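Visitor:
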Amino acid sequence: HLGELIRYADDFVIVCQTKQQALESIRILQSIMNKLELTIHTEKSKLVNTWDGNEGFDFLGFHHRKYPKHVKGGKKLHVMAHIPSQKAMKKMRERIKRYTEPRNKLYLQLEEMVKGLNKILQGFKNYYSLSSIGQRWLCKIDWYVLERLNLFWNKKRN
């Protein structure tokens, strides 16, 4: 058993129990890819030790990392958490800014601006709210939206 393969289109992650198992999986995978005349993008590929929570990795817009979770009896477990990646958060903030920034939108009523923002935010929130820890990160987007709406409203009034 060389690990569990998680695949989406042409991207994948192999989850292994040990470093030795991971190295063997990489060796076998490279052999298979060579036979198929396919290449692995080394700049996108890396070996990550998630067990101690010091490292994580981005996959499908999420950052995956183990975090300590305190449970009854003072015990501490490490659980895998899936939060929006920094890249995904930055991209969403840029979309919000692009939508709220143009001066030609000042003719819009606040309600219309909110409707437009809701269309942008709905898919993002549906995708990233799958993770309970990810909910906390979505609050950061909510605050950013409030900041942008405040700027919009102040520009509109002046």
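UniProt numbering puts the sequence shown at residues 1 to 158. Where is the CB? At the ideal position from N, CA and C, for every residue including glycine. As the structure is a prediction and not an experimental result, all values here were calculated from the model.
Verify whether the separation of the beta carbon atoms of Met92 and Pro84 is less than 9 Å.
Guide: In this structure, Pro84 lies closer than 9 Å to Met92 by Cβ.
Visitor: Given this structure, state the Cα-to-Cα distance separating Gly56 from Leu138, to the nearest angstrom.
Guide: Distance between the alpha carbons of Gly56 and Leu138: 19 Å.
Visitor: Three or more C-beta pairs closer than 8 Å, one from the stretch 68 to 85 and one from the stretch 23 to 36: is that the case here?
Guide: Verdict: no, contact absent.
Visitor: From Asn104, Tyr107, Gln109, Tyr144, pick the residue whose C-alpha is nearest to that of Leu121; which is it?
Guide: Looking at the Cα atoms, Tyr144 is the closest of the given residues.
Visitor: Is any heavy atom of the ligand FMN found at a distance shorter than 8 Å from the C-beta of Leu108?
Guide: Only the bare structure without any ligand can be found here, which leaves the ligand FMN out of the picture.
Visitor: Check each candidate in Tyr127, Asp142, Lys156 and name the one with the smallest Cα separation from Phe62.
Guide: Checked all of Tyr127, Asp142, Lys156; the closest Cα to Phe62 is Tyr127.
Visitor: Taking a contact to mean a Cβ-Cβ separation below 9 Å, would you say Tyr8 touches Phe59 in this structure?
Guide: Going by C-beta atoms, Tyr8 is nearer than 9 Å to Phe59.
Visitor: Among Asn118, Met89, Lys155, which residue has its Cα nearest to the Cα of residue 227?
Guide: Outside the displayed range of the chain (1 to 158) lies residue 227, so it cannot be described from this structure.
Visitor: Can you give me the C-alpha to C-alpha distance between Glu147 and Asp52, rounded to a whole angstrom?
Guide: Approximately 36 Å, taken between the alpha carbons.
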